[in-house]
Amino acid sequence: MESSTAGARCRNCGTHVTQQFARVFGDNGDIVHGCPGCTTYREMQSGGHLPQEETG
Numbered sequence: 000m001e002s003s004t005a006g007a008r009c010r011n012c013g014t015h016v017t018q019q020f021a022r023v024f025g026d027n028g029d030i031v032h033g034c035p036g037c038t039t040y041r042e043m044q045s046g047g048h049l050p051q052e053e054t055g
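What follows is the structure in structure tokens.
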């Protein structure tokens, strides 16, 4: 999880996001892989901004 002193940042573009945004739109570890600055809300709502899990 991102440090609360550094603040959460988008892994894609580096933009600062709030901890609440990270909890809602981040992955299970509250890591944000896409924010409004670099991803559409449709992608964020559908999970399309999250990295695909490797199977196998």
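Here the sequence shown stands for residues 0 to 55, numbered as in numbering that gives the first Met the number 0. We put the CB at the ideal spot given by N, CA and C, even for glycine.
Which of the three DSSP states, helix, strand or coil, is assigned to residue i?
| i | result |
| --- | --- |
| R8 | strand |
| H32 | coil |
| H15 | strand |
Taking 8 Å as the cut-off, decide whether the C-beta atoms of residue i and residue j are in contact.
| i | j | result |
| --- | --- | --- |
| V16 | C37 | no |
| V23 | R10 | no |
Along the chain, where does the alpha helix (DSSP H) containing residue i start, and where does it finish?
| i | result |
| --- | --- |
| Q44 | Y40 to S45 |
| Q19 | Q18 to F24 |
Nearest to residue i by CA position, among the options, is which residue?
| i | options | result |
| --- | --- | --- |
| L49 | D26, A21, Q18 and A7 | D26 |
| Q18 | C12, G6 and S45 | G6 |
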